[in-house]
Each structure stands twice: as structure tokens, then as C-alpha cells.
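Report on one structure; see the data block that follows.
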Amino acid sequence: MIPVDAAIRRVERADLLAVVRIERACFADPWPYDAFERLLDEPAFLVAERDDGVVGYVVADATPNHGRDIGHVKDLAVHPEARGEGLGRGLLRSALARLRGVGVAVVRLEVRESNAVARSLYADEGFEPVRRVSNYYRDGEDAVVLVVDLAEWATGA
């Protein structure tokens, strides 16, 4: 359900300023430029692009774990003016597929307890809550840690 006027591709260094602009538009406590720069080579740092430029991104990495590598979705955002069109879902699905392609078995992420829109998206994609982390965010809000098994996700279970 990716809008026909958007393409999802690997990030390039030239995209980082646009990524940071979206980060700042979406989050009260945004990541700095250098945080994104350090993650450029991760297998699932992807952007959604239209003719007018980058409109969203996802950052996910993989950690070796005795044959059951663990993926981590670190950040996902869509510019406020491009929300509600399926871009977030398209980015998430693309990242999960890439992680599965590099041998990741399970993916985790943290989401604000109050972020009902994101939690609904993740639940739709098979993520399940495993625990709550008190005071995870700088403003004191708790995070919910979610996980999905990629073999189950790929079969739509």
C-alpha cells in the first residue's frame, strides 16, 4: 500500500539533511545529525521519496545473536504533511523485509505508550508488547517494547 508517487530506497548521505528536518518536525526530542550519520551503513536505513524529495524514513539495524539475529527499529517518521497515506507502513514493511534478508529472526522496537497511531500500525504488522520501560523518554514517558518474529510476519500469521 505504498502510494504510487513514492519510492522507498536506501538512504544516501545527501538525504541526511531532509531526514533531520523530518525528525525535527515529528519529535519533541529529535536525534542530532551525527546520530543519523553514524547509522548510514545499517541494512534498513531507508527513505520514502517523491518528486519533491524525502518525505519519510526508517532506521533499523541488526545485531548477531547466536544464529537468531535481532533487529531493532530505532526510528520511523513521516513528514506531518504526508501522513495517512501508507508511507509509514511501506517503510516499516520494507525495513522488516530487508532485515529478514540479512538473517534477522526477531525485531524489536520501543514506542511511546501514548502513541496510539504508531502502536496500531505495529500491532497490524504483528508486533506484540513484551514489557514496559518506565521513564524511557527524556520527558519521563514510558515506552512499550514490542517484538515480531519475522518468519511469522512473512507468512502473515
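Counting in this note's numbering, the sequence shown runs from 575 upward without gaps. Here a beta-carbon is modelled for each residue, glycine too, at the ideal position from N, C-alpha and C.
Near Glu611, which residues of its chain fall below 7 Å by C-beta distance, leaving aside the five closest residues on each side in sequence? Translated into the one-based positions of the sequence shown, residue 611 becomes position 37. So the qualifying residues of the chain are Leu590.
Legend entry - Whole-number beta carbon distance between Leu673 and Ala636, since they are thought to touch under 8 Å: Counted from its first residue, the sequence shown places residue 636 at position 62. Counted from its first residue, the sequence shown places residue 673 at position 99. Contact flag correct, Cβ pair sits at about 6 Å.
(Q) So within the region 604-628, which uninterrupted alpha helix (DSSP H) runs reach at least 4 residues, ignoring any that extend past its ends? (A) Unbroken alpha helix (DSSP H) runs of no fewer than 4 residues, entirely contained in the region 604-628, are found at 607-612, following chain order.
Next item on the list: Have a look at Ala725 and Ala679 and give me their C-alpha separation to the nearest angstrom.
Entry: By one-based count along the sequence shown, residue 725 stands at place 151. By one-based count along the sequence shown, residue 679 stands at place 105. So the two alpha carbons sit approximately 7 Å from each other.
The beta strand (DSSP E) with Glu684 in it runs from where to where?
In the sequence shown, residue 684 corresponds to position 110, counting from 1. Start and end: 678-686.
#### Entry: First and last residue of the uninterrupted alpha helix (DSSP H) at Gly664
Counting from 1 along the sequence shown, the entry for residue 664 is found at position 90. Residues 661-675.
With distances taken Cα to Cα, identify the nearest neighbour of Ala717 among Leu683, Ala669, Glu687.
-> Position 143 of the sequence shown, counting from 1, holds the residue named residue 717. Of the listed residues, the one whose Cα sits closest to Ala717 is Glu687.
Check your understanding: How big is the Cα-Cα spacing for Asp615 and Val691?
Key -> On the sequence shown, position 41 is the one that residue 615 refers to. On the sequence shown, position 117 is the one that residue 691 refers to. The alpha-carbon atoms of Asp615 and Val691 are separated by roughly 29 Å.
Quick test of your reading: Arg693 and Val704, contact by CB under 8 Å. State the CB separation rounded to the nearest angstrom. As a working note, residue 693 is residue 119 in the sequence shown. As a working note, residue 704 is residue 130 in the sequence shown. About 13 Å separates the CB atoms of Arg693 and Val704; that is not less than 8 Å, and the two are not in contact.
Discussion item. Measuring straight from C-alpha to C-alpha, what distance separates Arg583 and Thr729?
Written reply: Mapped onto the sequence shown, residue 583 falls at position 9. Mapped onto the sequence shown, residue 729 falls at position 155. For Arg583 and Thr729, the gap between their C-alpha atoms comes out near 23 Å.
* To do: Would you mind giving the Cβ-Cβ distance between Leu620 and Val632, rounded to the nearest angstrom? I have them listed as a contact below 8 Å.
  => Residue 620 sits at position 46 when you count from the first residue of the sequence shown. Residue 632 sits at position 58 when you count from the first residue of the sequence shown. With 8 Å as the limit, Leu620 and Val632 qualify as a contact, their Cβ atoms being about 5 Å apart.
_Tell me which residues share the same chain as Ser708 and place their Cβ nearer than 6 Å to its Cβ, disregarding the 5 neighbours each side in the sequence._
Counting from one through the sequence shown, the residue named residue 708 turns up at place 134. Counting only Cβ-Cβ distances below 6 Å, and skipping sequence neighbours, we find Asp716.
CA nearest to the CA of Trp727, picked from Tyr711, Ala669, Glu655: Residue numbering aside, residue 727 sits at position 153 when the sequence shown is read from its first letter. Per the Cα distances, Ala669.
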